[in-house]
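Trainee: My structure is below; once you've seen it, I'll send some questions.
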Amino acid sequence: MEQTLEAAHALFAERGYAAVTMEEIAAAIGVTKPLLYNYFGNKERLYIACMERAGDALIATIAEAVRETANPADALGAGVRAFFSFLDSDRSAWAVLFDETLPQAGEVFDRVAAYRGQILDLVSASLLAQLPMRRREGAKVEVEALSTALLGASEALARWWLRTEAITAEDAAALLVSTVEPGLRGRSAPTPTSNSPQGGPSPK
45 MEQTLEAAHA
55 LFAERGYAAV
65 TMEEIAAAIG
75 VTKPLLYNYF
85 GNKERLYIAC
95 MERAGDALIA
105 TIAEAVRETA
115 NPADALGAGV
125 RAFFSFLDSD
135 RSAWAVLFDE
145 TLPQAGEVFD
155 RVAAYRGQIL
165 DLVSASLLAQ
175 LPMRRREGAK
185 VEVEALSTAL
195 LGASEALARW
205 WLRTEAITAE
215 DAAALLVSTV
225 EPGLRGRSAP
235 TPTSNSPQGG
245 PSPK
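Add 44 to the 1-based position in the sequence shown for this note's numbering, that's all there is to it.
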(Lines of atoms letter the chains of each structure in order from A and count residues from 1; the text may use other names and numbers.)
(Lines give C-alpha, C1' and ligand atoms only; values in the text may rest on other atoms or scores of the structure.)
Protein backbone atom coordinates (compact mmCIF):
# COMPACT_ATOMS: atom_id res chain seq x y z
CA MET A 1 0.00 0.00 0.00
CA GLU A 2 2.75 2.46 0.95
CA GLN A 3 4.68 1.71 -2.24
CA THR A 4 1.52 2.30 -4.28
CA LEU A 5 0.85 5.67 -2.66
CA GLU A 6 4.45 6.78 -3.10
CA ALA A 7 4.50 5.84 -6.79
CA ALA A 8 1.09 7.39 -7.46
CA HIS A 9 2.01 10.55 -5.55
CA ALA A 10 5.20 10.95 -7.59
CA LEU A 11 3.37 10.52 -10.90
CA PHE A 12 0.52 12.86 -9.97
CA ALA A 13 2.98 15.50 -8.75
CA GLU A 14 5.11 15.27 -11.89
CA ARG A 15 2.39 15.18 -14.55
CA GLY A 16 -0.86 16.26 -12.96
CA TYR A 17 -4.05 14.38 -12.19
CA ALA A 18 -5.52 14.56 -15.69
CA ALA A 19 -2.48 13.10 -17.47
CA VAL A 20 -1.88 10.06 -15.25
CA THR A 21 -3.69 6.77 -15.87
CA MET A 22 -4.28 3.81 -13.59
CA GLU A 23 -2.38 1.68 -16.12
CA GLU A 24 0.74 3.83 -15.62
CA ILE A 25 0.49 3.65 -11.85
CA ALA A 26 0.02 -0.12 -11.95
CA ALA A 27 3.03 -0.48 -14.25
CA ALA A 28 5.17 1.73 -12.00
CA ILE A 29 4.62 -0.52 -9.00
CA GLY A 30 4.51 -3.82 -10.90
CA VAL A 31 0.91 -4.87 -10.27
CA THR A 32 -2.09 -5.41 -12.51
CA LYS A 33 -4.64 -2.68 -13.09
CA PRO A 34 -7.50 -4.85 -11.70
CA LEU A 35 -5.54 -5.27 -8.46
CA LEU A 36 -5.07 -1.50 -8.22
CA TYR A 37 -8.79 -0.97 -8.73
CA ASN A 38 -9.49 -3.61 -6.10
CA TYR A 39 -7.46 -1.64 -3.54
CA PHE A 40 -8.70 1.87 -4.30
CA GLY A 41 -11.87 1.60 -6.41
CA ASN A 42 -10.93 4.27 -8.95
CA LYS A 43 -8.37 6.95 -9.79
CA GLU A 44 -10.25 9.59 -7.81
CA ARG A 45 -9.98 7.63 -4.57
CA LEU A 46 -6.32 6.83 -5.15
CA TYR A 47 -5.67 10.53 -5.70
CA ILE A 48 -7.58 11.40 -2.53
CA ALA A 49 -5.41 8.97 -0.56
CA CYS A 50 -2.30 10.78 -1.87
CA MET A 51 -3.87 14.16 -1.20
CA GLU A 52 -4.75 13.32 2.39
CA ARG A 53 -1.14 12.72 3.30
CA ALA A 54 -0.07 16.01 1.74
CA GLY A 55 -3.01 17.96 3.17
CA ASP A 56 -2.60 16.62 6.68
CA ALA A 57 1.10 17.48 6.62
CA LEU A 58 0.43 21.06 5.45
CA ILE A 59 -2.27 21.67 8.06
CA ALA A 60 -0.07 20.26 10.83
CA THR A 61 2.81 22.50 9.74
CA ILE A 62 0.68 25.66 9.80
CA ALA A 63 -1.02 24.72 13.09
CA GLU A 64 2.32 24.19 14.79
CA ALA A 65 3.63 27.52 13.50
CA VAL A 66 0.72 29.63 14.77
CA ARG A 67 0.20 27.81 18.07
CA GLU A 68 2.55 29.92 20.17
CA THR A 69 2.03 33.33 18.56
CA ALA A 70 0.97 36.27 20.71
CA ASN A 71 -1.27 38.38 18.47
CA PRO A 72 -3.11 38.21 15.12
CA ALA A 73 -0.32 39.85 13.12
CA ASP A 74 2.26 37.40 14.50
CA ALA A 75 -0.10 34.49 13.72
CA LEU A 76 -0.49 35.70 10.16
CA GLY A 77 3.26 36.00 9.67
CA ALA A 78 3.97 32.61 11.18
CA GLY A 79 1.27 30.93 9.11
CA VAL A 80 2.43 32.44 5.81
CA ARG A 81 6.06 31.58 6.50
CA ALA A 82 5.09 28.01 7.40
CA PHE A 83 3.06 27.73 4.18
CA PHE A 84 6.00 28.78 2.01
CA SER A 85 8.47 26.70 3.98
CA PHE A 86 6.28 23.65 3.38
CA LEU A 87 6.09 24.48 -0.31
CA ASP A 88 9.87 24.82 -0.53
CA SER A 89 10.57 21.56 1.30
CA ASP A 90 7.90 19.37 -0.33
CA ARG A 91 6.98 20.57 -3.78
CA SER A 92 5.38 17.27 -4.71
CA ALA A 93 2.89 17.68 -1.85
CA TRP A 94 2.04 21.15 -3.12
CA ALA A 95 1.63 19.83 -6.66
CA VAL A 96 -0.87 17.21 -5.50
CA LEU A 97 -2.86 19.59 -3.29
CA PHE A 98 -3.09 22.49 -5.73
CA ASP A 99 -3.07 20.71 -9.09
CA GLU A 100 -4.74 22.95 -11.69
CA THR A 101 -5.80 19.92 -13.79
CA LEU A 102 -8.13 18.55 -11.11
CA PRO A 103 -11.80 18.07 -12.06
CA GLN A 104 -14.17 20.86 -11.07
CA ALA A 105 -16.74 18.48 -9.58
CA GLY A 106 -16.87 15.12 -7.86
CA GLU A 107 -15.01 13.45 -4.99
CA VAL A 108 -11.61 14.98 -5.67
CA PHE A 109 -13.04 18.49 -6.03
CA ASP A 110 -14.96 18.09 -2.77
CA ARG A 111 -11.86 16.87 -0.92
CA VAL A 112 -9.73 19.74 -2.18
CA ALA A 113 -12.45 22.16 -1.09
CA ALA A 114 -12.53 20.49 2.33
CA TYR A 115 -8.76 20.95 2.79
CA ARG A 116 -8.94 24.58 1.75
CA GLY A 117 -11.79 24.96 4.22
CA GLN A 118 -9.68 23.42 6.98
CA ILE A 119 -6.82 25.80 6.25
CA LEU A 120 -9.23 28.75 6.17
CA ASP A 121 -10.79 27.69 9.49
CA LEU A 122 -7.35 27.24 11.04
CA VAL A 123 -6.19 30.71 9.99
CA SER A 124 -9.47 32.36 11.04
CA ALA A 125 -9.51 30.62 14.42
CA SER A 126 -5.88 31.56 15.08
CA LEU A 127 -6.54 35.23 14.36
CA LEU A 128 -9.78 35.35 16.36
CA ALA A 129 -8.29 33.54 19.36
CA GLN A 130 -5.81 36.36 19.87
CA LEU A 131 -8.37 39.15 19.92
CA PRO A 132 -9.96 40.17 23.24
CA MET A 133 -13.01 38.03 23.93
CA ARG A 134 -15.36 41.03 23.77
CA ARG A 135 -14.29 41.75 20.18
CA ARG A 136 -14.36 38.29 18.67
CA GLU A 137 -18.01 38.11 17.67
CA GLY A 138 -17.89 41.51 15.97
CA ALA A 139 -14.66 40.66 14.16
CA LYS A 140 -15.70 37.20 12.94
CA VAL A 141 -16.91 38.20 9.45
CA GLU A 142 -13.96 40.52 8.88
CA VAL A 143 -11.46 37.87 9.95
CA GLU A 144 -13.06 35.25 7.69
CA ALA A 145 -12.88 37.66 4.75
CA LEU A 146 -9.24 38.48 5.46
CA SER A 147 -8.33 34.80 5.87
CA THR A 148 -9.96 33.98 2.53
CA ALA A 149 -8.07 36.79 0.79
CA LEU A 150 -4.83 35.73 2.45
CA LEU A 151 -5.19 32.10 1.38
CA GLY A 152 -5.91 33.17 -2.20
CA ALA A 153 -2.92 35.53 -2.22
CA SER A 154 -0.66 32.83 -0.77
CA GLU A 155 -1.69 30.34 -3.44
CA ALA A 156 -1.28 32.86 -6.25
CA LEU A 157 2.12 34.01 -5.02
CA ALA A 158 3.22 30.38 -4.54
CA ARG A 159 2.30 29.54 -8.15
CA TRP A 160 4.28 32.55 -9.35
CA TRP A 161 7.24 31.53 -7.20
CA LEU A 162 7.19 27.95 -8.46
CA ARG A 163 7.04 29.17 -12.05
CA THR A 164 9.82 31.77 -11.80
CA GLU A 165 11.86 31.14 -8.64
CA ALA A 166 12.85 34.78 -9.04
CA ILE A 167 13.20 35.09 -5.26
CA THR A 168 13.54 32.59 -2.44
CA ALA A 169 10.47 31.04 -0.82
CA GLU A 170 11.45 32.84 2.40
CA ASP A 171 11.53 36.18 0.58
CA ALA A 172 8.19 35.47 -1.08
CA ALA A 173 6.64 34.86 2.34
CA ALA A 174 8.25 38.01 3.72
CA LEU A 175 6.90 40.05 0.81
CA LEU A 176 3.33 38.93 1.47
CA VAL A 177 3.63 39.34 5.24
CA SER A 178 5.12 42.83 4.99
CA THR A 179 2.27 43.88 2.71
CA VAL A 180 -0.58 42.56 4.86
CA GLU A 181 0.79 42.64 8.42
CA PRO A 182 0.75 46.42 9.04
CA GLY A 183 -2.95 46.65 8.25
CA LEU A 184 -3.75 43.70 10.47
CA ARG A 185 -1.74 45.16 13.36
CA GLY A 186 -3.69 48.39 13.02
CA ARG A 187 -7.05 46.66 12.95
CA SER A 188 -6.27 44.38 15.88
CA ALA A 189 -4.90 47.14 18.14
CA PRO A 190 -6.96 48.00 21.23
CA THR A 191 -9.94 50.21 20.41
CA PRO A 192 -9.54 53.65 22.03
CA THR A 193 -13.24 54.02 22.84
CA SER A 194 -16.30 51.84 22.49
CA ASN A 195 -17.70 53.94 19.64
CA SER A 196 -14.48 54.55 17.75
CA PRO A 197 -14.10 52.79 14.35
CA GLN A 198 -10.31 52.83 14.53
CA GLY A 199 -8.22 49.86 15.51
CA GLY A 200 -10.74 47.20 14.48
CA PRO A 201 -14.33 46.32 15.30
CA SER A 202 -15.76 48.03 18.36
CA PRO A 203 -16.23 45.84 21.44
CA LYS A 204 -19.66 44.28 21.78
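For glycine and all other residues, C-beta sits at the position ideal for the given N, C-alpha and C. These numbers come from a predicted model, not from an experiment.
Answer yes if the stretch 79 to 97 comes into contact with the stretch 150 to 159, meaning at least three C-beta pairs across the two stretches below 8 Å, and no otherwise.
Mentor: yes
Trainee: Could you check whether arginine 180 and leucine 172 sit closer than 8 Å to each other, using their CB atoms as the reference points?
Mentor: yes
Trainee: Which class does arginine 135 belong to by DSSP, given the choice of helix, strand or coil?
Mentor: helix
Trainee: Give me the residue from Asp100, Ala101, Leu49 and Asp118 with the minimum Cα distance to phenylalanine 84.
Mentor: Leu49
Trainee: Which stretch, first to last residue, makes up the alpha helix (DSSP H) that contains isoleucine 103?
Mentor: Isoleucine 103 -> alpha helix (DSSP H) spans 87 to 110.
Trainee: Less than 8 Å between the CB atoms is what I'm expecting for histidine 53 and valine 140, so what's the real figure, rounded?
Mentor: 6 Å
Trainee: Run the CB neighbour count on valine 187, radius 10 Å, all protein chains shown included, and call it buried at 16 or more, exposed below.
Mentor: buried
Trainee: Tell me which same chain residues have a C-beta within less than 6 Å of the C-beta of valine 110, skipping the five on either side of it?
Mentor: Ala119, Ala122, Gly123 and Ser170
Trainee: Determine the DSSP secondary structure at aspartate 165, reduced to helix, strand or coil.
Mentor: helix
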